[in-house]
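Below: one structure, written as structure tokens.
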Amino acid sequence: MVQTVRFAQTLDGRQGYIMTVKRMDNVGIVVEDIDAAIEFFTELGLTLEGRMLIEGEWAGRVTGVRGQCVEIAMMCTPDGHSRLELSRFDTPAIESDHRTAPVNSLGYLRVMFTVEDIDDTLARLSKLGATVVDEVVDYEDIYRLCYIRGPEQILIGLAQQLGQHTSRENPLERKR
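No gaps in the numbering here: position 75 of the sequence shown is 75 in full-length UniProt numbering, and each next residue is one more.
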């Protein structure tokens, strides 16, 4: 097994070789209607890579949910670098539901996608029930951004790049 390591300094000033993440593999979202979620994310531009049933004692040892039977669908972004795992649990029953919680709730889930044309994307997704949370905002002539509610009230961010960020400076750093 190849381990990725690098020399780094931690926030508290310690230095040394640390193990680094190779990549983010996927983001998972639990849904009730997996077919509607697949249709929605396909319209957004993701491709269905595969769909399967996950069950057995081994699966419960990974998730901590014993006796689970879950159908998953793996969706892939057009560039092939990111994946979205949609999951629908047959068993056990869903324990909690945070879909109507405000976006500043602890542990809240939001996934962001870069799109070519935010207006076209909104027009297509609205036909599948998507609604804009508040409004589309122009951020410093760099991005047009908005949050939408997708299938089952999933919070999704959309970003359309307007121009090139000319500075090597991180735009989030200058806001602090």
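All residues carry an ideal CB built from backbone N, CA and C; glycine is no exception.
Where the beta strand (DSSP E) through residue i begins and ends
i: R83; result: 83–91
i: L155; result: 155–161
Identity of the residues DSSP links to residue i by a beta bridge
i: Y108; result: DSSP lists no partner for Y108.
i: V28; result: This sequence places Gly at residue 28; Val is not what is there. Looking at the DSSP assignment, G28 forms a beta bridge with E85.
i: T131; result: R149
i: F41; result: Its beta-bridge partners do not exist; DSSP assigns none.
i: A73; result: R51, L86
i: D138; result: R144
Sequence-distant residues of its chain with Cβ nearer than 8 Å to residue i (five each side left out)
i: N26; result: M74, S82, R83, L84, E85
From the options, residue whose alpha carbon lies closest to that of residue i
i: L128; options: H98, D35, G163, D134; result: D35
i: L125; options: G28, E43, E32; result: E43
Distance CB(residue i)-CB(residue j) smaller than 9 Å
i: I148; j: V137; result: no
i: F40; j: G150; result: yes
i: V103; j: L145; result: no
i: G45; j: V111; result: no
Contacts around residue i, its chain only, beta-carbon distance under 7 Å, and the 5 residues preceding and following it disregarded
i: I54; result: V70, I72
Own chain partners of residue i with C-beta closer than 6 Å, once the 5 adjacent residues on each side are dropped
i: E49; result: M74, C76
For residue i, the first and last residue of its enclosing alpha helix (DSSP H)
i: L11; result: Per DSSP, L11 belongs to no alpha helix (DSSP H) and is neither H nor E.
i: T121; result: 118–126
i: V62; result: 57–63
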